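Asker:
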Ligand code: NAD
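In our numbering, the protein residues as written are -1 to 483.
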């Protein structure tokens, strides 16, 4: 019996006649059917969202909204195992990752923004007027209105809740769409909202494809106020053009082609462990993953052979197996994309240090979407494989001679999301970090997140910052009120 993923609009579950398959990437099996929303469902959702803003949801105090977020968090906690299973079956990731990262972070996102919004402050200035009197200028924070939130497949519930939670905390009505590849955890969250009696229309979930489908209908609707989007840079560019005529607010968290720089004074073992994690976590399908590794020439050969040995020890396995390190690519389409770069790398002159092919298991996984963890050396900096985001389990390692050279080569990218620097020299760490052209810099670590800090990228990696007060600012409209007293 397969499940049917339905839309959640105005506190009702709604089906569409148009549907497509929900596929488990571990073995290519069909695990469910997904309803595909069209312009009609999008319009229903916008109307439900408007009604929520004019009704119960719009009248909620900050404290009441914070309570609703806490109740959503508690609802996820109550159905923790179901969320873990949903994430695992849609993505093929390990149960361990879903239990320790994805689902706990979704809970944390709701709890964090519930707390954050209670402490949000505004400004007040006393102004002297021309007639010698006084005026009081103070700001109030209001919701933007109807916020469209669109998220990708790589960290489904983590990224979905990262947008939904702050948008709701600030009093917006949200119409959210998870990726067509990973709809199950968002469907569950809608069920949690329904179960706890979340104010109707404040949180709506639509399912469907992106271009020429649900996503396109959402961003094209005339009565939305803002779009918050995480996904590919090309999709971000398209969304920006679409909403430009109506001058809608956008917040974009987009792709990356991230560099790691390993200086000669780095803690060698820590750097190897760090680059192994930053390249292969979630099978390389994290926007923050390292695809370009720059290593000081004096330790280059040693670094390549140590990373090769550790990469070859990674276990490609089933999600339930505690020994598993690496899962499949999300889809056949994405597997084909990654494999096309494996082919291109050879054409561009790469030395394949390890991997570069599809593993053979002799079981059902051979119908799944796997690729072998891979390392290349020998590509010129202008190779397409070093300039375009691959989003798979692969990195290229190059040697550098000087600090300035490492910085220049790491910065030579159309993207600018995250850089990881490995050094034991404190002065160097502080000298190099601000020179990196990226929104995030990690020193002697990777992917260490504090939700209070700004998150986002430069150039093709995004527009704006989310996290902490930056999310409060994006998801609210500030009005200045000037009172002559
Ligand atoms: P994608 O852009 O193909 O899809 C993302 C979402 O956008 C999906 O829900 C999709 O249905 C929707 N979409 C696609 N076309 C659309 C359109 N024309 N109009 C409206 N919606 C549309 O990206 P993806 O393949 O799902 O995700 C991988 C990408 O996401 C990578 O580039 C990765 O780096 C990026 N990403 C960035 C961050 C970050 O925080 N910077 C985090 C995770 C992933």
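We put the CB at the ideal spot given by N, CA and C, even for glycine. All values derive from a computational prediction rather than experimental measurement.
Just to confirm my understanding: we take residue 421, look at its own chain, exclude 5 residues before and 5 after, and list those with CB closer than 6 Å. What are they?
Answerer: Counting only residues of its own chain and dropping the five nearest sequence neighbours on each side, residue 421 has a CB closer than 6 Å to the CB of 261, 263, 264 and 427.
Asker: So the beta strand (DSSP E) residue 526 belongs to, where does it begin and stop?
Answerer: Since the first and last residues shown for the chain are -1 and 483, residue 526 lies out of range.
Asker: Between the alpha carbons of residue 139 and residue 351, how many angstroms are there, rounded?
Answerer: 54 Å
Asker: Cα separation between residue 56 and residue 169?
Answerer: 7 Å
Asker: Let me check one thing: in DSSP terms, what residues is residue 247 bridge-paired to?
Answerer: 224
Asker: Can you list, in chain order, the residues of its chain whose CB lies under 8 Å from that of residue 327, leaving out five sequence neighbours each side?
Answerer: If we look at residue 327 and ignore the five residues flanking it on each side, its Cβ neighbours are 23, 281, 283, 333, 336, 367, 368, 369 and 390.
Asker: Alpha carbon to alpha carbon, what distance is there between residue 144 and residue 219?
Answerer: 11 Å
Asker: Any heavy atom of ligand 1 closer than 7 Å to the CB of residue 387?
Answerer: yes
Asker: Measuring CA to CA, which of 51, 48, 11 and 463 is closest to residue 32?
Answerer: Ranking 51, 48, 11 and 463 by Cα distance to residue 32 puts 11 first.
Asker: Quick check on residue 87: buried or exposed, where buried means 16 or more other Cβ atoms within 10 Å of its Cβ?
Answerer: buried
Asker: Quick check on this structure: which residue in 1, 4, 468 and 197 has the alpha carbon closest to the alpha carbon of residue 249?
Answerer: Considering only alpha carbons, the answer is 468.
Asker: Using the C-alpha atoms, what's the distance from residue 118 back to residue 132?
Answerer: 26 Å
Asker: Quick one: what's got a C-beta closer than 6 Å to residue 255's C-beta in the same chain, skipping five residues either side?
Answerer: 289, 387, 411 and 413
Asker: Can you tell me which of 457, 405, 365 and 271 puts its alpha carbon nearest to the alpha carbon of residue 234?
Answerer: 457
Asker: Pull up the distance between the alpha-carbon of residue 90 and that of residue 153, whole angstroms please.
Answerer: 12 Å
Asker: Throw me the rounded Cβ distance for the residue 379 and residue 407 pair, which I believe falls under 8 Å.
Answerer: Rounded to whole angstroms, the Cβ separation of residue 379 and residue 407 is 6 Å, and the two are in contact under 8 Å.
Asker: According to the neighbour-count rule (16 or more other Cβ atoms, all chains shown, within 10 Å of its Cβ), is residue 377 buried or exposed?
Answerer: buried
Asker: On the premise that residue 148 lies in contact with residue 216, defined as a C-beta separation below 8 Å, what is that separation, rounded to the nearest angstrom?
Answerer: 7 Å
Asker: Can you tell which of 19, 124, 441 and 372 has its C-alpha closest to the C-alpha of residue 349?
Answerer: 372
Asker: Count the other CB atoms, across all protein chains shown, that sit within 10 Å of the CB of residue 135; report buried if there are 16 or more and exposed otherwise.
Answerer: Label assigned to residue 135: exposed.
Asker: Would you say residue 462 touches ligand 3, meaning its beta carbon is less than 7 Å from a heavy atom?
Answerer: Ligand 3 is not part of this structure, which contains only ligand 1.
Asker: Where are the alpha helix (DSSP H) runs, 4 residues long or more, that stay fully inside the stretch 415 to 482, in chain order?
Answerer: 424 to 430 and 466 to 472
Asker: Looking at residue 292 and residue 398, is the spacing between their C-beta atoms short of 8 Å?
Answerer: yes
Asker: By DSSP, does residue 137 sit in helix, in strand, or in coil?
Answerer: strand
Asker: Locate the beta strand (DSSP E) running through residue 125, then write down its first and last residues.
Answerer: DSSP places residue 125 inside the beta strand (DSSP E), whose first and last residues are 122 to 126.
Asker: Quick check: the stretch 103 to 120 against the stretch 203 to 215, are at least 3 beta-carbon pairs closer than 8 Å?
Answerer: Here the stretch 203 to 215 makes no contact with the stretch 103 to 120; the two share fewer than three CB pairs at distances below 8 Å.
Asker: Determine the DSSP secondary structure at residue 236, reduced to helix, strand or coil.
Answerer: For residue 236, the three-state secondary structure derived from DSSP is helix.
Asker: Consult DSSP for residue 294 and reduce its assignment to one of helix, strand or coil.
Answerer: strand
Asker: State the Cα-Cα distance for the pair residue 322 and residue 268, rounded to the nearest angstrom.
Answerer: Roughly 21 Å separates the two Cα atoms.
Asker: May I ask whether a heavy atom of ligand 1 can be found less than 7 Å away from the beta carbon of residue 32?
Answerer: no
Asker: Could you have a look at residue 484 and say whether DSSP puts it in helix, strand or coil?
Answerer: Here the chain has residues from -1 to 483 only, and residue 484 is not among them.
Asker: By DSSP's criteria, residue 12 is part of a beta bridge. Which residues make up the other side?
Answerer: Its beta-bridge partners are 5.
Asker: According to DSSP, is residue 170 part of a helix, a strand, or is it coil?
Answerer: coil
Asker: DSSP puts residue 256 in a beta bridge; with which residues?
Answerer: DSSP output for residue 256 lists 288 as bridge partner(s).
Asker: So who's on the other strand from residue 375, going by DSSP bridges?
Answerer: 349 and 395
Asker: Is the separation between the beta-carbon of residue 307 and that of residue 204 shorter than 8 Å?
Answerer: no
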